[in-house]
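Protein chains: 2
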Amino acid sequence: MSGVNIETIRYYEREGIIPLADRTPSGRRLYGDADIARLRFVKRCRDLGFSVPDIRTLLELSAGNGASCADVKALGERHLHGVRRKLDELGKLERALAELVRRCDTGRTDCPMLERLLADSDA
Amino acid sequence: MSGVNIETIRYYEREGIIPLADRTPSGRRLYGDADIARLRFVKRCRDLGFSVPDIRTLLELSAGNGASCADVKALGERHLHGVRRKLDELGKLERALAELVRRCDTGRTDCPMLERLLADSDA
DNA sequence: CTTGCTTCTGTAGCGGCTACAGAATGTATA
DNA sequence: TATACATTCTGTAGCCGCTACAGAAGCAAG
Numbered sequence: 023m024s025g026v027n028i029e030t031i032r033y034y035e036r037e038g039i040i041p042l043a044d045r046t047p048s049g050r051r052l053y054g055d056a057d058i059a060r061l062r063f064v065k066r067c068r069d070l071g072f073s074v075p076d077i078r079t080l081l082e083l084s085a086g087n088g089a090s091c092a093d094v095k096a097l098g099e100r101h102l103h104g105v106r107r108k109l110d111e112l113g114k115l116e117r118a119l120a121e122l123v124r125r126c127d128t129g130r131t132d133c134p135m136l137e138r139l140l141a142d143s144d145a
Numbered sequence: 023m024s025g026v027n028i029e030t031i032r033y034y035e036r037e038g039i040i041p042l043a044d045r046t047p048s049g050r051r052l053y054g055d056a057d058i059a060r061l062r063f064v065k066r067c068r069d070l071g072f073s074v075p076d077i078r079t080l081l082e083l084s085a086g087n088g089a090s091c092a093d094v095k096a097l098g099e100r101h102l103h104g105v106r107r108k109l110d111e112l113g114k115l116e117r118a119l120a121e122l123v124r125r126c127d128t129g130r131t132d133c134p135m136l137e138r139l140l141a142d143s144d145a
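Residue numbers (this note's numbering), protein chains in the order written: chain A, 23 to 145; chain B, 23 to 145.
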């Protein structure tokens, strides 16, 4: 119902980002609408790449007095900067890798890609 | 000399992607040019995002008979596809996150970002 | 000969799950 | 009702690629 794996839910419970679930008399966990909503919130945040500690903070802010939008925005921006940095690095990596693979196009016995990786220089 | 952290070198030794280093009589590791070159190779591969098992394969291929360029290329392409997939996902994530943060621009007491994350729908 | 730096080994921690084992409980069919 | 099968329970260990200790030992400089 939340789209979160059952093992992951229990992990979240251990981590304290969702409350200890109510139990049936035999000890099985029971979840209500509020629990499911919270799990969906957590899932959306995870899908956006927020860390578990960040999500904890977001949950605290959302439970807070209401004057927290600036804090939420700050956290979001910080995360966005991180994502952009990663995006940039991954782009560089992609170009380097594509260039390396491209050299292998002509059929030959020696391997330009390996040679390049094995070369002395860093250039 | 290789640019690889000393603890990481020992980890690589444990993982078997570099050979057990020679030792001084007192038991300290000694590295020659070949060891350093191998470490630099490993570092370049890691910087390109290859996994340790992939690097093991690349090292085996580079030590092989020479007819391995096609295999190297295949491994490189496979990795490149993975990188492009990640790049794509990260780009989507960046757009979604930027949109969420942008909504917070107007100063207000409620928080559009939190509201969106808390909303029932997945849209 | 002391001081302080580096290395040694072995082990545990990081994040965010995931995968078991083995017990118990629940549901569906015969 | 009996039986089979599925699901959940707890607790623990594994994944990746390091990184960070603790405590012992070696080594160079003053």
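By construction, the Cβ of each residue, glycine as well, lies at the ideal position given by its N, Cα and C atoms.
Within-8 Å CB hit, residue i to chain A
i: residue 145 of chain B; result: In this predicted model, residue 145 of chain B has a pLDDT of only 49, less than 50, meaning its place in the structure is not dependable enough to derive any value.
i: residue 103 of chain B; result: no
i: residue 66 of chain B; result: yes
i: residue 71 of chain B; result: yes
Residue i, DSSP secondary structure in three states
i: residue 97 of chain A; result: helix
i: residue 136 of chain B; result: helix
i: residue 142 of chain B; result: coil
i: residue 117 of chain A; result: helix
i: residue 51 of chain B; result: strand
i: residue 45 of chain A; result: strand
i: residue 40 of chain B; result: coil
i: residue 109 of chain B; result: helix
i: residue 67 of chain B; result: helix
i: residue 84 of chain B; result: helix
Neighbour flag for residue i against chain B, beta carbons, 8 Å
i: residue 90 of chain A; result: yes
i: residue 23 of chain A; result: no
i: residue 132 of chain A; result: yes
Heavy atom of the ligand MG within 7 Å of residue i beta-carbon
i: residue 31 of chain B; result: You won't find the ligand MG in this model; it holds no ligand whatsoever.
Backbone CA spacing between residue i and residue j [nearest angstrom]
i: residue 85 of chain B; j: residue 47 of chain B; result: 30 Å
i: residue 102 of chain A; j: residue 31 of chain B; result: 33 Å
i: residue 50 of chain A; j: residue 43 of chain A; result: 9 Å
i: residue 37 of chain B; j: residue 133 of chain A; result: 26 Å
i: residue 117 of chain A; j: residue 64 of chain A; result: 34 Å
i: residue 23 of chain B; j: residue 107 of chain B; result: 34 Å
Exercise for review: Give, in chain order, every residue of the region 94-122 of chain B whose Cβ lies closer than 8 Å to some Cβ of chain A.
Suggested key: 94, 95, 98, 99, 101, 102, 105, 106, 108, 109, 112, 113, 115, 116, 118, 119, 120 and 122
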